[in-house]
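Asker: Would you mind keeping the following structure in view while I ask a few things?
Numbering (the numbering used here), first residue to last: 41 to 406.
This is the structure in structure tokens:
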């Protein structure tokens, strides 16, 4: 089955939301922000996901340096588009008010003429006013029809739904850009969350997304698997039980169970993070994370997170689906500690770890 016919198997609102996400990606990476915004996960940008899920949220990593400026610049990309829609609607109201004002002005002038012609003039004014009001109504209907037609011809639109009132400052919550995807008859809220990251991104990948409709190539950037793992575990050992969100654990587990990983690259990225922002008592912190296997508070947080976000079966690249068992909390901690222990050991010696992680056996290849 070709791609064009395949997309019609999806729920319409899911397809529109997915196409809207692709248009958002295109606008970002066609702008000057393209290389500075790193998509956190691209698993939502595929046809298998659209078939069973509504995508209305994307996360981007953004460097801490210039973070507030980047946030405002990102809003500006979409504000221009929503302003054009507002201007069209405002133009209709403006034209109507001008017509009504001219009609009222003509009436006042005619009423001030000679009394002997007053009756005749008033009749003429009323006639003119009726004609002008009729023209106003007709013009308004034509303009509204024209806008509706143009909107349908233009197809899907992505607009800024709500502009942020305050400039982001260090210590604030992660800012969210609130957008709306519009294609008749749907209006779908969509959010972009920006996550500040510190230090130098050692390993960044350039990836390509193919537009579902036009097949146009969209270039975007992400952390490599190794860079993401190093940053996720840095976050885990830095924040311990205060970590938020729990997706840092889930993402790490998913990578370690599905991808072969270069231990050397993870070691290199993790060492760079420690060099730029050291963490005290590093070895003791790894032991604390290991003890989380039996920590009921963290286990409960994990269960709540999984029940809220990962209750549906995962779709496969075909027509069938399989149920996937959620990993238990102790399994997640055990796997992460097994992966990072040798990397921690060499990091304490300012050395690089050499080894390839094999997801099939859950350990490094000897």
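For glycine and all other residues, C-beta sits at the position ideal for the given N, C-alpha and C.
Using C-beta distances below 6 Å, list every residue in its chain close to residue 273, excluding the 5 sequence neighbours before and after it, in chain order.
Answerer: 380
Asker: For residue 86 and residue 347, I'd like the C-alpha separation in whole angstroms.
Answerer: 23 Å
Asker: Beta strand (DSSP E) containing residue 312: first to last residue?
Answerer: From DSSP, residue 312 is part of no beta strand (DSSP E) but of the alpha helix (DSSP H) over 303 to 316.
Asker: From 392, 226, 104, 218, pick the residue whose C-alpha is nearest to that of residue 199; which is it?
Answerer: 218
Asker: Where does residue 355 sit, in a helix, a strand or coil, going by DSSP?
Answerer: Residue confidence for residue 355 is low, a pLDDT of 40 falling below 50, so the modelled location carries little weight; the figure read from the coordinates is stated next. In this structure, residue 355 counts as strand in the three-state DSSP scheme.
Asker: Out of 207, 105, 259, state which residue places its alpha-carbon closest to the alpha-carbon of residue 62.
Answerer: 259
Asker: Output the distance between the C-alpha atoms of residue 75 and residue 203, rounded to the nearest integer angstrom.
Answerer: 23 Å
Asker: Output needed for residue 115: all residues of its chain with C-beta closer than 7 Å, excluding positions within five of it in sequence on either side, in chain order.
Answerer: 200, 203, 204, 217
Asker: Can you name, in chain order, every residue of its own chain whose Cβ lies under 7 Å from the Cβ of residue 308, other than the five neighbours on each side?
Answerer: Excluding positions up to five away in sequence, the list reads 242, 392.
Asker: Please go through the same chain and pick out, in chain order, the residues whose beta-carbon is closer than 8 Å to the beta-carbon of residue 235, but skip the five residues on each side of it.
Answerer: 80, 99, 100, 101, 102, 214
Asker: Report yes or no: do the segment 365 to 378 and the segment 314 to 325 share at least 3 C-beta pairs separated by less than 8 Å?
Answerer: no
Asker: Comparing C-alpha positions only, which one of 84, 73, 396, 403 sits nearest to residue 374?
Answerer: 403
Asker: Residue 85 lies in the beta strand (DSSP E); which residues open and close that run?
Answerer: Element bounds for residue 85: n/a, residue is neither H nor E.
Asker: Measure the beta-carbon distance from residue 57 to residue 208 and round it to whole angstroms, keeping in mind my assumption that it falls under 8 Å.
Answerer: Going by Cβ atoms, the distance from residue 57 to residue 208 rounds to 26 Å, so no, they are not a contact pair.
Asker: What number of angstroms, rounded off, separates the C-alpha of residue 390 from the C-alpha of residue 319?
Answerer: 14 Å
Asker: Excluding five sequence neighbours on each side, which residues of the same chain lie with their C-beta closer than 7 Å to the C-beta of residue 77?
Answerer: 68, 100, 102
Asker: Within a Cβ cutoff of 8 Å, which residues of the same chain sit near residue 398, ignoring the five residues on either side of it in sequence?
Answerer: Closer than 8 Å at the Cβ level, and outside the excluded window around residue 398, lie 300, 404, 405.
Asker: Taking C-alpha atoms, which residue in 84, 105, 310 lies nearest to residue 384?
Answerer: 310
Asker: What do you get for residue 266, buried or exposed, if any count of 16 or more other CB atoms within 10 angstroms of its CB means buried?
Answerer: Answer is buried; the Cβ neighbour count reaches 16.
Asker: Determine the DSSP secondary structure at residue 335, reduced to helix, strand or coil.
Answerer: coil
Asker: What residue from 82, 51, 71 has the CA that sits closest to residue 245's CA?
Answerer: 82
Asker: Let me know if residue 292 comes out buried or exposed under the rule of 16 or more other beta-carbons within 10 Å of its beta-carbon.
Answerer: buried
Asker: Quick one, which of 230, 223, 332, 229 has its alpha-carbon nearest residue 376's?
Answerer: 332
Asker: Taking buried to mean at least 16 other C-beta atoms within 10 Å of its own C-beta, is residue 327 buried or exposed?
Answerer: exposed
Asker: Are residue 97 and residue 54 close, meaning C-beta to C-beta below 7 Å?
Answerer: no
Asker: Tell me which same chain residues have a C-beta within less than 6 Å of the C-beta of residue 359, skipping the five on either side of it?
Answerer: Low per-residue confidence applies at residue 359: pLDDT is 36, beneath 50, and the placement is therefore not dependable enough to give any value.
Asker: Give me the Cα-Cα distance between residue 294 and residue 71, rounded to the nearest whole angstrom.
Answerer: 31 Å
Asker: Taking only runs of the alpha helix (DSSP H) that begin and end inside the segment 260 to 288, which ones reach a length of at least 4 residues, in chain order?
Answerer: 265 to 279
Asker: By how many angstroms is the C-alpha of residue 206 removed from the C-alpha of residue 247?
Answerer: 33 Å
Asker: Are the CB atoms of residue 281 and residue 338 within a distance shorter than 7 Å?
Answerer: yes
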